[in-house]
Every structure is written in C-alpha cells, then in structure tokens.
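Counting from 1, position 71 in the sequence shown corresponds to residue 868 in the numbering used here; the numbering is continuous, with no gaps.
For glycine and all other residues, C-beta sits at the position ideal for the given N, C-alpha and C.
Here the structure comes first, spelled out in structure tokens, and everything after it is commentary.
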Amino acid sequence: MIIVINYFVILGFVASVFLSSIGLLTLIYLIKPKKLPMDESNRINHIRLWWFVITRPELFVREFAWLQFDELDNINKDK
C-alpha cells in the first residue's frame with residue numbers, strides 16, 4: 798500500500814514539474830526581447846498573438862497550409 802502511494806506521489810511530482818516547466822518556458826519566450834522585424838519591446842502584441850494561436854488556430858490556416866490536413870495526410874502527401 799505504501800509503495801503504491803509513493804508511485805503516485807512520484808508521478809504527481811514529475812507531472813507537476815513537467816507542466817511547470819512548460820509554463821516557465823512560455824513565460825520566458827513571452828518576456829524575452831524579439832528579433833527583427835518585430836519591435837523588440839512589443840510584448841503586448843506578442844501575448845495577443847500567443848493567445849490567438851492557442852484559442853483560434855483556424856486564423857492561421859491561410860498562412861500554414863499544413864494545418865488543413867491530418868498529420869498522417871501531410872506525411873503521405875510528400876510521398
């Protein structure tokens with residue numbers, strides 16, 4: 798019983814570290830200065846772009862045609 802609980806504790810710890818790392822990387826990339834031609838200090842628009850990518854990916858289908866297809870279709874299309 799104690800061993801099973803310890804596995805769940807370890808699994809929970811690993812999962813929380815992984816998810817926290819993703820969040821930390823997201824914050825770092827939102828805060829760090831941008832490369833040209835983007836304004837280096839324009840973090841508000843970068844956060845807005847990040848939000849659109851997460852909540853409305855259909856807006857980017859015209860820019861990235863591979864978003865229209867399933868990944869398996871993208872792989873088989875190249876053959």
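>> Given this structure, state the Cα-to-Cα distance separating N839 from Y804, to the nearest angstrom.
In response: 45 Å
>> Assess contact between the stretch 838-854 and the stretch 816-828, defined as three or more Cβ pairs (one per stretch) separated by less than 8 Å. Is contact present?
In response: yes
> Do you know whose CA, among T823, P834, E868, lies nearest I851's CA?
Replying inline: The candidate whose alpha carbon is nearest that of I851 is T823.
> Is N839 helix, strand or coil by DSSP?
Replying inline: coil
>> Taking the straight line between their C-alpha atoms, what separation do you get for I819 and K874?
In response: 32 Å
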